[in-house]
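Novice: Before I ask anything, let me first share the structure, which is written out below as C-alpha cells.
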Amino acid sequence: MTAVDDRDAAPAGADGHAPLVLPVSLGPGVDGWFTGRAPADAPPPAVGAAGNLSHRRPHEPPRLAADRRAAFGRMGLDAGDVVWMQQVHGAEVAVVDEHTPRGAEVRGVDALVTVQADRPIAVQVADCVPVLLSSPAGVVAVAHAGRRGVELGIVPATLAAMEDLGAERASVAAAIGPAIGGCCYEVPSEMREDLSDDHPVASGTTSWGTPSLDLPAAVAEVLRDAGVGDVARVGSCTRCDDEDRWFSHRADPTTGRQVGVVVRRGGQA
Ligand SMILES: [Zn+2]
C-alpha cells in the first residue's frame, strides 16, 4: 500500500515544519491517521527528535506543543482533546466514556475503545505495531501490539471490548500502521520459536540472515483469524524505510514516537 504524503498541505509545526500525517480509510463517519517524522529538511530540535508527538520522549515543551497542534490540526482535531495511553506492553483495554477527561493519559493499558463521537484516541509507537479499528456499529479502538502484547493477546482483547460495546467482528475494519518488519526485528532464535509456536507467520529472517519476528504479519493473521473482514497495512518497516519516514527504537533507542489516531465523527451512528 502506498502511503500518501500530503505534508505540503499541513499547517506549520515548530520551526515551520509539521510531522508527516497519513490519512487512513476506516469506513464512513470514522477518521484515522498515522503520523511520522518531520521532513528531513526540518531543523533538528535541541532536545529530542523532529516530529516526535510523545511527552514521554525527550522533548522541548514548546516544540512538542507546536508539533502536536500542527499534526492534530491537520486532522481537524484539537490536540487537547486527544486521549492517550501510558502503555505497558500488556493486554488491558480501557473504555473511554463520558467520565474520561479530555486529554487524559489512561495508565497501564495498551488499547482504548470508545463509542463516543468526537473523542480522538491515540497510540504511540516506534517499532511496535499500532492498530486502528472501527465498526459500523459506531465503535472505534486503538491498540499497541509489541511482541509481549501479541503474546498476551492484546488484539483479541481489543476486539472483545469492541464486541461488548456492540461491534460485530465481520464488519470491523482494521489498519495496521508503520512497524518494524521481519526484515529488521532481530531476536534470539529461542524468542522466535516461542512466538512462532502460537503464530507461525511471525517467524522471520532479517535481511542480514539472522532470526527475526514479523509482528505486523502476526497481527494481521490474528485479526483475520478472529473474523475481522477488512485488514489493511499502512506504511512500511520503521527501521529500513527508504525515506526514513518513521521513528524506530531499534535504529535509535533515544528517538521520539509517532502516533496512530482514530475518531468517530459526531452525527454518525
Ligand atoms: Zn526493515
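Sequential numbering from 1 applies to the sequence shown in the working numbering. Glycine residues also receive a C-beta, built at the ideal position from the N, C-alpha and C atoms. On a predicted model such as this, the values are computed, not experimentally measured, just so you know.
(1) Using the Cα positions of Leu213 and Arg257, report the straight-line distance between them to the nearest angstrom.
(2) Tell me Ala251's beta-bridge partners as DSSP assigns them.
(3) With hydrogens ignored, establish whether the beta-carbon of Ala237 is closer than 8 Å to any heavy atom of ligand 1.
(4) Which class does Met75 belong to by DSSP, given the choice of helix, strand or coil?
(5) When the Cα of Ala218 is compared with those of Gln87, Ala145, Ala111 and Cys240, which residue comes out closest?
(6) Please state whether DSSP places Ser189 in a helix, a strand or coil.
(7) Does Gly80 come out as helix, strand or coil in the three-state DSSP assignment?
(8) Mind checking Gln86: buried by the 16 CB within 10 Å criterion, or exposed?
(9) If you follow the alpha helix (DSSP H) that Pro216 is in, where does it begin and where does it stop?
(10) Is the closest heavy atom of ligand 1 to the C-beta of Gly181 under 8 Å?
(11) So, does the stretch 49 to 63 touch the stretch 169 to 177, judging by three or more C-beta pairs under 8 Å?
(12) Please tell me whether, using a cut-off of 8 Å, the distance from the CB of Cys128 to the nearest non-hydrogen atom of ligand 1 is below it.
Specialist: Result, derived from the coordinates:
(1) 21 Å
(2) Answer is none; Ala251 lacks a bridge partner.
(3) Position check: residue 237 holds Cys in this sequence, whereas Ala was assumed. Correct: Cys237 has its Cβ closer than 8 Å to ligand 1.
(4) coil
(5) Ala145
(6) helix
(7) helix
(8) Here Gln86 is exposed. Its C-beta has fewer than 16 other C-beta atoms within 10 Å.
(9) Where Pro216 is concerned, the enclosing alpha helix (DSSP H) stretches over Leu215 to Asp225.
(10) The answer is yes for Gly181.
(11) no
(12) Incorrect: Cys128 has no Cβ contact closer than 8 Å to ligand 1.
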